[in-house]
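In my numbering, the protein residues as written are 659 to 742.
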Amino acid sequence: MNKCEQCGNVYGQTFKVTMNGASYLFDSFECAIEMLAPRCTECGTRVIGHGVEKGSQVFCCAHCARMEGITELTDHSASEESST
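Given below as structure tokens:
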């Protein structure tokens, strides 16, 4: 039995996630997300989808990037926007 690195639960079905060369053991996806997923620079939401990035800043959406003054990021490609 292994111990979850996020919550400390000892569990027989932990799983390993390797990210940027480091490995972690978790007992649930929830714990993995809490420890590894970045937070949006603007609103603090965990970014578990694609999100958008500018340099080292990660945002959950282009709206949050605009709130930080970054206007060139978009959530969808131009062809998707014109078809909706």
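Backbone N, C-alpha and C fix where the C-beta goes; we use that ideal spot for every residue, glycine too.
On a predicted model such as this, the values are computed, not experimentally measured, just so you know.
For residue i, the nearest candidate out of the options (CA to CA)
i	options	result
Asn-747	Glu-688, Ala-680, Gly-702	No answer is possible for residue 747: the residues shown for the chain start at 659 and end at 742.
Arg-697	Leu-683, Ser-686, Val-716, Ala-690	Val-716
Gly-713	Ala-690, Glu-692, Leu-731	Leu-731
Asn-660	Gly-679, Ala-680, Asp-685	Asp-685
Val-710	Lys-674, Cys-665, Thr-729	Thr-729
His-708	Glu-692, Met-725, Asp-733	Asp-733
Status (buried if at least 16 other CB within 10 Å, exposed otherwise) for residue i
i	result
Asn-701	In the sequence as presented, Asn is not what sits at residue 701; that position holds Cys. Its Cβ having fewer than 16 others within 10 Å, Cys-701 is exposed.
Thr-751	Examination of residue 751 is not possible in this model, given that the chain is present from 659 through 742 alone.
Lys-680	It is worth fixing the name first, because residue 680 is Ala in this sequence and not Lys. Exposed, by the Cβ-count rule.
Glu-739	The predicted model places Glu-739 with a pLDDT of 49, which falls under 50 and marks its position as unreliable; any figure quoted below should be read in that light. The residue in question, Glu-739, is exposed, as its Cβ has fewer than 16 Cβ neighbours within 10 Å.
Cβ-Cβ separation, residue j to residue i (assumed contact under 8 Å), whole Å
i	j	result
Cys-662	Thr-672	6 Å
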